[in-house]
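Residue numbers (my numbering): 10 to 117.
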């Protein structure tokens, strides 16, 4: 599935099953909540915090997909083409960071 396909799929779902998009501020709060759930899993599973029994069955992939879903909702409702935006972002990084990481002593 391409980013364009994902944006279309989410839009179709919202219009047929979800009734309408939540407003942008609600979706921003939802995005923050979903990122927090990802952070909780990462901190406990890969960080130094102990994982609570209730968190052991949490699916990181599912939580990352929740983040992607809300991100796509925000892109759709604000008119952002994620394929185009991502391509521009890669071009920016390739110019700005062409040698930055290669010469970073902390990474070698």
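Don't be surprised by glycine CBs; every beta carbon is placed ideally from N, CA and C.
Between the beta-carbon of residue i and the beta-carbon of residue j, is there less than 8 angstroms?
{"i": "residue 46", "j": "residue 72", "result": "yes"}
{"i": "residue 50", "j": "residue 61", "result": "no"}
{"i": "residue 76", "j": "residue 40", "result": "yes"}
{"i": "residue 69", "j": "residue 12", "result": "no"}
Give the C-beta separation of residue i and residue j to the nearest angstrom, bearing in mind that I take them to be a contact with Cβ-Cβ under 8 angstroms.
{"i": "residue 79", "j": "residue 43", "result": "6 angstroms"}
Quick check on the DSSP output: the alpha helix (DSSP H) that includes residue i runs from which residue to which?
{"i": "residue 28", "result": "Looking at the DSSP string, residue 28 is not in any alpha helix (DSSP H), and its letter there is neither H nor E."}
{"i": "residue 96", "result": "91-105"}
{"i": "residue 72", "result": "69-87"}
{"i": "residue 60", "result": "Here residue 60 belongs to no alpha helix (DSSP H), and DSSP marks it neither H nor E."}
{"i": "residue 53", "result": "33-54"}
Against chain D, does residue i count as a neighbour if the rule is that its beta carbon must be under 8 angstroms from one of theirs?
{"i": "residue 54", "result": "The structure shown contains no chain D; it holds only a single protein chain."}
Taking 8 angstroms as the threshold, find out whether the segment 71-86 comes into contact with the segment 25-37 through three or more Cβ pairs. Touching, per the Cβ criterion.
Taking contact to mean at least 3 C-beta pairs separated by less than 8 angstroms, is the segment 85-99 in contact with the segment 15-32? yes
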